[in-house]
Each structure stands twice: as C-alpha cells, then as structure tokens.
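For the sequence shown, the numbering used here begins at 17 and goes up steadily by one.
Think of the CB as a built atom: it goes at the ideal place given N, C-alpha and C, for glycine as much as any other residue.
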Amino acid sequence: MKLFDTHCHLALLYEDPINQIRVVDEAKRKGIVGLANIATNLMDFFTCYKNTKHLPNVFHTIGLSPSEVINPGRDWEAKLEEGLSYPKVVGVGEIGLDYYHKYGDRNAQVEFFIKQLEIASNRNLPVVIHNREAGEDTKNILKSKLSSAGGILHCFSENIQYAKDMINLGLYISFAGNLTYRNAKNLHDVARAIPIEHILIETDSPFLTPHTYRGKRNQPAYIIETAKFLAEIKNMDIEEMSEILLQNSLKAFNITLDEI
Ligand SMILES: [Zn+2]
Numbered sequence: 017m018k019l020f021d022t023h024c025h026l027a028l029l030y031e032d033p034i035n036q037i038r039v040v041d042e043a044k045r046k047g048i049v050g051l052a053n054i055a056t057n058l059m060d061f062f063t064c065y066k067n068t069k070h071l072p073n074v075f076h077t078i079g080l081s082p083s084e085v086i087n088p089g090r091d092w093e094a095k096l097e098e099g100l101s102y103p104k105v106v107g108v109g110e111i112g113l114d115y116y117h118k119y120g121d122r123n124a125q126v127e128f129f130i131k132q133l134e135i136a137s138n139r140n141l142p143v144v145i146h147n148r149e150a151g152e153d154t155k156n157i158l159k160s161k162l163s164s165a166g167g168i169l170h171c172f173s174e175n176i177q178y179a180k181d182m183i184n185l186g187l188y189i190s191f192a193g194n195l196t197y198r199n200a201k202n203l204h205d206v207a208r209a210i211p212i213e214h215i216l217i218e219t220d221s222p223f224l225t226p227h228t229y230r231g232k233r234n235q236p237a238y239i240i241e242t243a244k245f246l247a248e249i250k251n252m253d254i255e256e257m258s259e260i261l262l263q264n265s266l267k268a269f270n271i272t273l274d275e276i
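Here you go:
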C-alpha cells in the first residue's frame, strides 16, 4: 500500500535535522511514499527546507498561518516569493482564518489571507487552507480569490454541505487523525457522503494523533491509521482506496514522484 501524507509539520515535530530526517525515513519504511511538509511561518520554512530538501519525495509549501498576522516579519512578502521560487516548493500554505484563537482582529486576518491567495494566484499555485471557526468568511473569500490551481481544505471540520460547496470551488477535502475519533460522527458522515476522488488524508503531525496512538505525538508514519479508518467507514478496499488517494495527492499539488 502506498500512502502520501498531504500535511505534516516537520519543523514543529523536531527542530534538529537528524530527527526531521529520521521521522521521514520511519514513514518511508511504513509505506508512506511521499509527504508535503507544510509551513506555518517563514523561519521554520527556511530552516526545515534546508534540512530536508535533499530527501526524495518530500515536498514543501510556504505560507504564513493566521498565527503570524500580528508579526509576520520584515519583508515577509518578498521572503515568501523567494521561498516559492525554490525547487520542490509546490504550494502556498498554510494560510487562512482562525477565529478560535483570535489572532489579531478579523479584518487583519482577512487581509493577510487575501494577500497570500493573490500571491498563489499570480504563480498559479495551489493553496493549503486552514479554517477554524471561520467557515463562512473562508468560503466567501475563496469564491473570488482561490487560485485557478485550486487547493486543499486541510483538517476538515465543517458539515456535508460545506464540503460540497468547497469541492465545487475546486478544493480537495483533507481529513486529519481526528477522523478516527469515535465521537467525530460529523466527520464520519462527511467522509461517507463525498466521493473519494475529492478526498485527501493528512496527519497534521505533531497534532491530532489518530485514536490508536493517542497520547503520543503524531508523525507521518501514523497516516496509515487514518487510511484504515476511512476505508472502513467508506466500505472500500484499502489498497484500491490508497491508490486513489495517492493520485489525488499528486494532482492536488501538481507533482510527480521521483523514482526511488
Ligand atoms: Zn497544519
């Protein structure tokens, strides 16, 4: 079985290159053929990129999450553009809105989000979207500002209708480890209701550890638990489903895997 982790944070898992590389190797030994390392801020991106850029089938995105809105750093737009010109940097993210944490005021978050969506559009790159308790604003902004390359709504948390609306806009729906929680009935319903062709899976590691490993820090190798659970609730053969998910992942980021 070949799996792809569409959203992990190597920089948040470990600061040192040895462990960042180790955790990728561990995942590869478990059949995770590739992964997307998602940035939340510029400093983590540049350090982690340098540490891991040589690894085959490790792709990167660069973007500033809503947590950075108050202090994005000097010349952040120029630095973002610089990162986007690097090899294997395949999208802008994660970017979006987070009204749960109340970073800055809402207008500042919206402006910050739109600016980065415009940068993605200008380069025709996909975006990785973070939405926490900001579903309506996220949707309304994406209606006019989503890059023609589309993107991914990561760690899905809304209802079936919302998922359908986002698919119509050109986004993939990505489920994280919390899909495997028994009480996540809403997410199970969404996963059953939408076609597998529009679904991705992710770990969002080090967060949202799947049920089986709860208590441990999440890591890319644990994506297999989310795959197993999804196959079960969608009543699909896991091998067949994994192949579709892998193809979805490659399409979402417009990438091909290196031969290894
Ligand atoms: Zn994330």
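| Check | Outcome |
| --- | --- |
| Proximity to G50 [Cα-Cα], best of A165, I157, F75 and N199 | F75 |
| Proximity winner among M252, E256, D253 and I217, relative to I239 (alpha-carbon distances) | I217 |
| R52 to C24 span [Cα, whole Å] | Correcting the residue type first, residue 52 is Ala in the shown sequence and not Arg. Near 6 Å, if we compare the C-alpha coordinates of C24 and A52. |
| Start-to-end residues for the alpha helix (DSSP H) that takes in T77 | Looking at the DSSP string, T77 is not in any alpha helix (DSSP H); the run it does join, the beta strand (DSSP E), is V74 to I78. |
| Beta-carbon spacing of I254, V106 below 8 Å | no |
| Residue interval of the alpha helix (DSSP H) (run including R148) | It is not in any alpha helix (DSSP H) - R148 instead sits in the beta strand (DSSP E) that spans V143 to R148. |
| Beta strand (DSSP E) segments (min. 3 residues) lying fully within the segment 101–141 | 105–114 |
| Residue of D153, L162 and P33 minimising C-alpha distance to R139 | L162 |
| Proximity test, H287 beta-carbon vs ligand 1 heavy atom, cut-off 7 Å | Residue numbering for the chain in the displayed model covers 17 to 276; residue 287 lies beyond these limits and cannot be assessed. |
| Of the residues R38, Q177 and L246, the one placed nearest A200, counting alpha carbons only | L246 |
| N87, DSSP secondary structure in three states | coil |
| C-beta atoms of V144 and T56 nearer than 8 Å | no |
| Contact the segment 176–186 vs the segment 223–234: 3+ CB pairs below 8 Å | no |
| In chain order, each beta strand (DSSP E) run of at least 3 residues that lies wholly inside the segment 160–232 | 167–169, 187–191 and 215–217 |
| I48: first and last residue of the uninterrupted beta strand (DSSP E) it sits in | I48 to I54 |
| Beta-ladder partner(s) of D32, from DSSP | None; D32 has no bridge partner. |
| Coil, strand or helix - D21 by DSSP | strand |
| H16 CB to nearest heavy atom of ligand 1 below 7 Å | No answer is possible for residue 16: the residues shown for the chain start at 17 and end at 276. |
| Three-state secondary structure assigned by DSSP to Q235 | coil |
| Close Cβ partners of V159 (< 7 Å) along its chain, the five nearest in sequence each way excluded | Note that residue 159 is Lys in the sequence shown here, rather than Val. Taken in chain order, the residues that qualify are L185. |
| heavy atom of ligand 1 below 7 Å from D21 C-beta | no |
| Where T272 falls: helix, strand or coil (DSSP) | coil |
| Stretch pair the segment 86–105 + the segment 24–40: three plus CB contacts closer than 8 Å | no |
| Endpoints, alpha helix (DSSP H) assigned at N67 | L58 to T68 |
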